[in-house]
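Asks: Got a structure for you, questions after.
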Amino acid sequence: MTTTDGNTLDDRTRRFLRPVLRRFLRPLLRPLAFIALATLGLAACQEGAAIEEAELIRPVRLITAGETEDLTARRFVGRVDAVSTVDLSFQVGGRIADIPVRQGALVAEGETIATLEPDDYELALREAQLQYDLAERDIERKRELVARESISTAAFEQSEIEYRLRRVALDNAERNRDHTTIAAPFDALVTRRIADPYANVQAGTPIVRVQDVTELRVHINVPESVIGLVSNPDMFRIEAVFPDRPDEPLPLTYREHATEPDAIAQTYEVTLALDVPFDGTILPGMTVSVRVSLAAARAQEMMTLPVSAIDTDPGGDFRIWVYDPDTQRVAPREVALGNVGEDRIAVRDGVAPGERVVAAGAHLMREGMRVRPFESF
């Protein structure tokens, strides 16, 4: 031990001071140690209580009832098509006399599309008519002869066969003459003139391409997770949005879908119909954005929630957990359910628009449990 002036205490002095210090300092150290331990214990208890309190406030993901469109809307690239596209042709060969229609024109059913020069077919028809008239007179004469037994029955039957053959030839000549004209098979849009007047064509050569636009179709390809949604018109709304009119969505109606997926993309083709009359502003071949949303459920006074938000009570009834922002607690609410979609379900009764509902982990909730909205990690 060293003194304040730098001199070292001798052993005798140290032996004298040690019991004195022990006698006077020990009573002071004991309360100080108790105070220190109490302080540490209190701090630990407070920290444990804070941890326990934090653990009781469970983070949950919430969804606002009624806000379904933005969460469920899906967009797909579609293509506008006609109901059918047909290449019209003559069923007989010859020289084209006229193609009176122009490309892009609308023609009514039965309207003339193209004609062949009919002279050869008119002559063939006149010849067939004369042959038929001759056979008809012959059969009438032989009918009288066979009645008087002037000719054999076999001769009469041969004349009867000849008469029938002449009838067939006449019908065939009439049909060929009629086939020199192509008429519109339906109300159609003339999309292309493939041949020109005065050209010699064979039977079956495409002359004019027309499309049935009595109803415009839209084709989209969707994955398997969506195919069940677009085919449920009672629950979903499907709209077409064109680039030149983004603020004017047009309603689409489901028609059919393929049940065999594309071999490469593994998607299914869905056929939809535009619920607007054809006016020439929307044409087959155009690209369109197709939006599938749940707004139809809202129109039927239903809302949709994620399937994960639905829980069951001990009695087996369906319920949801509604969040109270004032108390930060959740409470169960019995609900009536409607149609089930791919990952959402329609709620007919039991929830009001704007209420906040636990969207996931509903089975972990307890009545009165304190929760906090989960934002992000």
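Numbering-wise (our numbering), the sequence shown opens with residue -9 and increments by one. Note that CB positions come from ideal geometry on N, CA and C, so glycine has one too. Predicted, not measured: the structure shown is a model, and the values here were computed from it.
#1: Helix, strand or coil: which one does DSSP assign to Glu205?
#2: What is the rounded straight-line gap between the Cα of Tyr111 and the Cα of Arg183?
#3: Leaving out the 5 sequence neighbours to the left and right, which residues in its chain are closer than 8 Å to Met276 when beta-carbon positions are compared?
#4: In chain order, what residues of the same chain have a beta carbon less than 7 Å from the beta carbon of Gln121, not counting five sequence neighbours either side?
#5: CB Val312 to CB Glu345, shorter than 8 Å?
#6: Please list, in chain order, all residues of the same chain as Asp52 whose beta carbon is under 8 Å from its beta carbon, the five residues on each side excluded.
#7: For Thr317, count the other beta carbons within 10 Å of its own beta carbon; 16 or more makes it buried, fewer makes it exposed. Which is it?
#8: For Ala118, which residues from the same chain have a beta carbon less than 6 Å from its beta carbon, with the 5 sequence-adjacent residues on both sides left out?
#9: Using 8 Å for Cβ pairs, my map puts Ala98 next to Asp177. What's the rounded Cβ distance?
#10: Out of curiosity, what's the CA-to-CA distance linking Leu354 and Val278?
#11: Tyr122 by DSSP, collapsed to three states: which one?
#12: One question on the structure: do Ile197 and Ser79 come within less than 8 Å of each other, judged by their Cβ atoms?
#13: Using the DSSP secondary-structure output, state which residues sit across from Pro196 in a beta bridge.
#14: Would a C-beta distance cut-off of 8 Å place Gly340 and Glu357 closer than the cut-off?
#15: So Ala321 is in the beta strand (DSSP E); what residue range does that whole segment cover?
#16: Are Gly83 and Ala173 close, meaning C-beta to C-beta below 8 Å?
#17: Using CA coordinates, which residue listed in Val200, Ile335, Arg281 is at the minimum distance from Glu238?
#18: For Thr75, which option in Leu179, Phe66, Glu147 has the closest C-alpha, if you only look at C-alpha atoms?
Replies: The structure says:
#1: strand
#2: 24 Å
#3: Arg69, Val70, Phe232
#4: Arg156, Ala159
#5: yes
#6: The displayed chain sequence assigns Leu, not Asp, to residue 52. Closer than 8 Å at the Cβ level, and outside the excluded window around Leu52, lie Tyr313, Arg346, Val347, Val348, Ala349, Pro363, Phe364.
#7: exposed
#8: Ala159, Leu160, Ala163
#9: 6 Å
#10: 44 Å
#11: helix
#12: yes
#13: Ser79
#14: no
#15: 319 to 324
#16: no
#17: Arg281
#18: Leu179
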